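S.K.: Protein chains in written order, with the UniProt record's numbering: chain L, 1 to 309; chain R, 1 to 309.
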DNA sequence: TTGTAAGCGTTATCAT
DNA sequence: ATGATAACGCTTACAA
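1) Where do the N-terminal and C-terminal ends of the beta strand (DSSP E) with residue 224 of chain L fall, by residue?
2) When DSSP labels each residue in this structure, what does residue 268 of chain L get in the three-state scheme?
3) Based on Cα-Cα distance, which residue from R:96, R:302, R:206, R:229 lies nearest to residue 28 of chain L?
4) Using C-beta distances below 7 Å, list every residue in its chain close to residue 295 of chain R, excluding the 5 sequence neighbours before and after it, in chain order.
5) Do you know how far the Cα of residue 186 of chain L is from the Cα of residue 129 of chain L?
6) For residue 49 of chain R, collect the residues of the same chain with a Cβ closer than 8 Å to its Cβ; drop the 5 residues on either side in sequence, then sort them by chain order.
7) What does the alpha-carbon distance come out to for the pair residue 119 of chain L and residue 283 of chain L?
8) Consider the Cβ of residue 76 of chain L: report whether some Cβ of chain R lies at a distance smaller than 8 Å.
9) Could you check the C-alpha separation between residue 88 of chain R and residue 300 of chain L for me, to the nearest Å?
10) Identify every run of the beta strand (DSSP E) within the segment 172-237 of chain L, keeping only runs that are complete inside it and at least 3 residues long; order them along the chain.
11) Please determine, among L:307, L:224, L:117, the residue with the shortest C-alpha to C-alpha distance to residue 105 of chain L.
12) Is it right to say residue 38 of chain R is buried, meaning 16 or more other beta carbons lie within 10 angstroms of its own, or is it exposed?
13) Would residue 50 of chain R pass as an interface residue toward chain L - the criterion being a Cβ-Cβ separation below 8 Å?
14) Is the Cβ of residue 287 of chain L closer than 8 Å to any Cβ of chain R?
15) Could you have a look at residue 312 of chain L and say whether DSSP puts it in helix, strand or coil?
16) What are the start and end residues of the beta strand (DSSP E) that includes residue 128 of chain R?
17) Enumerate in chain order the residues of its own chain whose CB-to-CB distance from residue 99 of chain R is below 6 Å, with the five nearest sequence positions on each side excluded.
18) Apart from the five residues on each side of it in sequence, which residues of its chain come closer than 6 Å, Cβ to Cβ, to residue 33 of chain L?
19) Would residue 251 of chain R and residue 309 of chain R qualify as a contact pair, given that the criterion is a beta-carbon distance under 8 Å?
20) Return the chain-ordered list of same chain residues with a C-beta closer than 6 Å to the C-beta of residue 184 of chain R, the five sequence neighbours on each side being excluded.
21) With a threshold of 8 Å between beta carbons, is residue 24 of chain R in contact with chain L?
22) Assuming the contact rule is C-beta atoms closer than 8 Å, residue 253 of chain R and residue 225 of chain R should be a hit. Round their C-beta distance to whole Å, please.
23) Let me see if you follow: with CB-CB separation under 8 Å, is residue 304 of chain L close to chain R or not?
24) Going by C-alpha to C-alpha distance, which of R:124, R:298, R:232 sits closest to residue 42 of chain R?
25) Taking just the CA atoms, how far does residue 111 of chain L sit from residue 262 of chain R?
26) What in chain R is Cβ-close to residue 264 of chain L, meaning under 9 Å?
27) Let me confirm a value: residue 246 of chain R is counted as buried when at least 16 other C-beta atoms fall within 10 Å, else exposed. Which label applies?
28) What runs of the alpha helix (DSSP H), each 4 residues or longer, lie entirely inside the segment 39-79 of chain R?
29) With a cut-off of 8 Å, does the C-beta of residue 73 of chain L fall near any C-beta of chain R?
30) Going along chain R in order, which residues have a C-beta closer than 7 Å to the C-beta of residue 84 of chain L?
31) According to the Cβ coordinates, are residue 66 of chain L and residue 44 of chain L closer than 8 Å?
32) With DSSP as the reference, please indicate the residues paired to residue 168 of chain R in a beta bridge.
33) Can you tell me where the beta strand (DSSP E) with residue 139 of chain L in it begins and where it stops?
34) Can you tell me which of L:281, L:260, L:154 puts its alpha carbon nearest to the alpha carbon of residue 222 of chain L?
35) Please report the residue range of the beta strand (DSSP E) in which residue 252 of chain L lies.
36) Among L:151, L:145, L:52, L:77, which has the Cα closest to the Cα of residue 101 of chain L?
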């Protein structure tokens, strides 16, 4: 009897399995999520100005870094991009709706609506970077001010007399802090006339910015560009203007992105561990999911000294 | 009585609204999706080799293009990246689970597991590009073979005698087709010794590839690089070897990405409408969601003739 | 108009 | 062990 039963259930199992394969049964995640009250998905919110999605190689690294740790913990990373106010609302609804268990927010600006929404609904989340004016959430960041101060100091150490800066993205913490660091390193030598500002970290900003700087001060002999892309543009402008790098003017950047090795001479720059930034932020979210505090982390940067200064 | 009822319900409504605001009620999307049998989300699967996420500016454009049309139709675009076999399985489960109503697949390779899974579960989907060996799904693509043939022809038209190619990504349709186009344009002049192959569309591939080509044939006077990034690397190698571009050797690329304008001289290249590719693929998915056929579309490319050849 | 109940596809609990 | 049943939070159709 027991045997019989077993036998029958064996047969039934096979039949069922066959039926499953033929009918193509797949369990419905919406139903599963509903009853389990979790989705095992983490949202990653990308809120970049249009052009940066193409020019900034950091975001790819951040993404991959976050994906790696989430994948290991068996969470699905879902990236949500915000490119309009409409997107902003829809994404907020998406996060609110319980479709994700947590979120990592990259490149938030002061008073970011998404960050506010996340905080309001109490979703476990973490920033990459830590803009002020945003809710009190843990973050993974670097010390932009310190790094900028260090590399500017190093540039000054090569004996430059008239050094300027091409600042960018002043609406974000990274942009602000890099400028602050530059200013601090310059001390009494700081001259507001030698800093130009552009909204985005782009090659074009570097190109124009350097031309403007050259116009304002032909004797300029050092430049700190707010990012490698900017530095690359500046180098082109310099070379087209007949200045030799680094003999006539020394130039340093920030990021150590693929731009740096691509320049001739190669860029002296600040290396920031973009992939670590992503993975650390992801860990911060995971920690909160496990009831742990999730304390902010600031990661180390190092100076990569190459040929451009 | 009726008045009384109304009054009460008014009061109740206010109370409820207040309670909602205080308690922070938000409706649960899982439950909604369950009953409505739809998620109003579309997945975008990114299956790029690690390094390309940083070097290929096309994918950002594709993403933005897709997001724009989906956003207008009130669909949430969710990007899922695949960076390991584990990711591959998890993403397949995600798609199967009914968490998205459709999918656009970019940079699929022959016999892509995700593409197979999508086809198997009958999810409305579209490719960007159309690798062969993949299931019969609509796609948005360009004619890589034709475009490569045209620009190679144009290069030949400048009187070059010994022209080579730096081919890349031969595991994908784009890579294969660009090589085929080159070969077709060369006709009897085609010399297998003058084509080098690299796995990825990268700056590094261009750098090394050009050095190798120079070694094999010092008299080389023309090069077709499989992408702008590759062309940029090739140009650097050429200039470091003391060759003038375009006087000594002419060089053409493919993509018209931001690389093209960044080179000195600027690159002659094939412009492909990456954002349109994304938006068209998204439209193809939307069409299927509305019960329409969703027929493949091949978009036009144009030659941007600049200073490099 | 307002309210009530059934049902979506799971999981988990509690009898059998 | 195995099977029936409630519950997850929402929408919708139908009754009052």
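Every residue, glycine too, gets a C-beta built ideally from N, C-alpha and C.
What you are looking at is a predicted structure, and each value in this text was computed from that prediction instead of being measured.
M.R.: Inspection of the coordinates gives the following:
1) Residue 224 of chain L -> beta strand (DSSP E) spans 222-225.
2) DSSP, reduced to helix, strand and coil, places residue 268 of chain L within a strand of the structure shown.
3) Residue 28 of chain L has its Cα closest to that of R:96, out of R:96, R:302, R:206, R:229.
4) Here the set comprises 138.
5) Computed Cα separation, rounded: 25 Å.
6) Within the same chain, and ignoring the five residues on either side of residue 49 of chain R in sequence, the residues whose Cβ sits closer than 8 Å to its Cβ are 199, 200.
7) Spanning the two alpha carbons is a distance of roughly 18 Å.
8) Cβ-Cβ to chain R under 8 Å: yes for residue 76 of chain L.
9) If you take the alpha carbons of residue 88 of chain R and residue 300 of chain L, they lie about 33 Å apart.
10) Runs of the beta strand (DSSP E) inside the segment 172-237 of chain L: 195-198, 222-225.
11) That would be L:117, whose Cα lies nearest to the Cα of residue 105 of chain L.
12) It is exposed - the Cβ of residue 38 of chain R has fewer than 16 other Cβ atoms within 10 Å.
13) Cβ-Cβ to chain L under 8 Å: yes for residue 50 of chain R.
14) Not one chain R Cβ lies under 8 Å of residue 287 of chain L.
15) This structure gives no information on residue 312 of chain L, because the portion of chain L shown stretches from 1 to 309.
16) Residue 128 of chain R -> beta strand (DSSP E) spans 125-128.
17) Cβ within range, chain order: 39.
18) Setting aside the 5 residues that flank it on each side, residue 33 of chain L is surrounded in the same chain by 39, each with a C-beta closer than 6 Å to its C-beta; the list follows chain order.
19) Yes, Cβ-Cβ distance for residue 251 of chain R and residue 309 of chain R is below 8 Å.
20) Result list for residue 184 of chain R: 149, in chain order.
21) Nearest CB-CB separation between residue 24 of chain R and chain L: below the 8 Å threshold.
22) About 5 Å separates the beta carbon of residue 253 of chain R from that of residue 225 of chain R, a gap short enough to meet the 8 Å contact definition.
23) Cβ-Cβ to chain R under 8 Å: no for residue 304 of chain L.
24) Checked all of R:124, R:298, R:232; the closest Cα to residue 42 of chain R is R:124.
25) Approximately 34 Å between the Cα atoms of the pair.
26) Neighbours of residue 264 of chain L in chain R, taken as residues whose beta carbon is under 9 Å from its own, are 236, 239, 240 in chain order.
27) Result: buried.
28) Runs found: 52-55, 58-72.
29) Under the 8 Å criterion on CB atoms, residue 73 of chain L is classed as non-interfacial with respect to chain R.
30) What residue 84 of chain L touches in chain R: 71.
31) Contact flag set, yes.
32) Answer by DSSP bridge pairing, in chain order: R:198.
33) Start and end: 139-142.
34) Closest option to residue 222 of chain L, Cα to Cα, is L:154.
35) For residue 252 of chain L, the enclosing beta strand (DSSP E) begins and ends at 250-252.
36) Of the listed residues, the one whose Cα sits closest to residue 101 of chain L is L:77.
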